[in-house]
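Going by the numbering used here, the sequence shown runs without a break in its numbering and finishes at 862.
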Amino acid sequence: MQEQVIPLLLKGEKNVIGQAATGTGKTAAFGIPLIEKLTPGNKVQALILAPTRELATQIAEEIDSLQGNKGLKIMAIYGKQSYEIQHRALKRGIDILVGTPGRIMDHLKRKTLDLRNISSFILDEADEMLDMGFVDDIETIFKETKPEKQVLLFSATMSKDILKIAKKYIGEYELIAVENKDTTGENTEQIYFEVGERDKFELLRRIMDTEPNFYGIVFCHTKADVDGLVSKLNDE
627 MQEQVIPLLL KGEKNVIGQA ATGTGKTAAF GIPLIEKLTP GNKVQALILA
677 PTRELATQIA EEIDSLQGNK GLKIMAIYGK QSYEIQHRAL KRGIDILVGT
727 PGRIMDHLKR KTLDLRNISS FILDEADEML DMGFVDDIET IFKETKPEKQ
777 VLLFSATMSK DILKIAKKYI GEYELIAVEN KDTTGENTEQ IYFEVGERDK
827 FELLRRIMDT EPNFYGIVFC HTKADVDGLV SKLNDE
């Protein structure tokens, strides 16, 4: 994804729709060109929509780590976070705003967020946002932005709803699709277990118990799941 998207975005203001699975380096693919083209200011210049607070936080942190000492102000906003803190930060000035559709809509309704000056609008995991019922919010947010902007949309799948949004709000765009490749080494053995949600921790504990020199990485769906698992493992 990065190989194809970064050079394209560095060349100009093309709209891009990227089809790729999670974990293919999308954030850096749009984050690096975004950092290159923006300069620190006092208004929101780029808006990134993400379906969950975990992803919004992750995107903001990764882009911040990529910018070095450029000085762009980057913030993630989402529900279950102090509205007043968000409002104060927006008044001081944010360059790159990452947020969930619901919280962005909250600020738009309260007139505490102005999107008329954004030059880049990025939708990450667009298919997931539509599956969660955010299509109306996304359309409303599009209408709050100026017509002259760059739009980048990333999705694991290309559903009819996504293509409908693309046709209605994006206009001409470059489509980049990254094939899912089997990256498992030939000497790697893969084993999977079908297990209920409530039994996952017990299975993980047994696997660790049967492997005295266990070293591994455990992937979880959300940050809350990660924190809960770490707490349980430490208790053991």
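Every residue gets a Cβ at the ideal spot worked out from N, C-alpha and C, and that includes glycine.
Rounded straight-line distance, which links the Cα of residue j to that of residue i
i    : j    : result
I764 : L779 : 12 Å
E823 : G854 : 14 Å
T726 : I685 : 12 Å
G797 : K769 : 14 Å
Y795 : I767 : 11 Å
V642 : I843 : 33 Å
D753 : R832 : 36 Å
A803 : S857 : 39 Å
T814 : E837 : 17 Å
L829 : G649 : 25 Å
D825 : P677 : 27 Å
I703 : E710 : 11 Å
L789 : Q712 : 32 Å
L636 : D861 : 49 Å
L756 : H733 : 20 Å
G694 : E820 : 43 Å
I658 : I632 : 7 Å
M701 : S785 : 30 Å
K640 : H847 : 33 Å
G638 : D851 : 40 Å
Assigned secondary structure, residue i (DSSP; H/G/I helix, E/B strand, else coil)
i    : result
M701 : strand
L741 : coil
L664 : coil
Q776 : strand
G842 : coil
R729 : helix
Y818 : coil
N860 : helix
G797 : coil
E751 : coil
R679 : helix
F768 : helix
T848 : coil
K640 : coil
Beta-carbon spacing of residue i, residue j below 8 Å
i    : j    : result
V777 : F747 : yes
F827 : M834 : no
E774 : L634 : no
A654 : L692 : yes
S745 : Q816 : no
G705 : R736 : no
Minimum C-alpha distance to residue i - residue among the options
i    : options                : result
T783 : Q628, E751, K669       : E751
L660 : L716, G719, K786, K699 : K699
M731 : T650, V761, D753, R718 : V761
K772 : R742, V642, L636       : R742
N668 : N860, R714, V804, D787 : R714
I689 : E710, G651, G705, L716 : G651
A647 : D825, L716, Q628       : Q628
K849 : A792, E680, E774       : E680
D612 : L749, L756, L716, G657 : Residue 612 is absent from the structure shown; the chain starts at 627 and stops at 862.
A792 : G644, I632, E639       : G644
I720 : L692, L756, H733, P666 : P666
L675 : S745, V821, I711, L749 : L749
T683 : L664, I722, G697, G694 : I722
K696 : E687, T738, E662       : E662
R718 : E687, T738, Q707       : T738
Beta bridge counterpart(s) of residue i as assigned by DSSP
i    : result
Q645 : S781, A803
I722 : A672, I700
S746 : A672, Q776
Any non-hydrogen atom of the ligand FAD closer than 7 Å to residue i Cβ
i    : result
M731 : The ligand FAD is not among the ligands present in this structure, which contains no ligands whatsoever.
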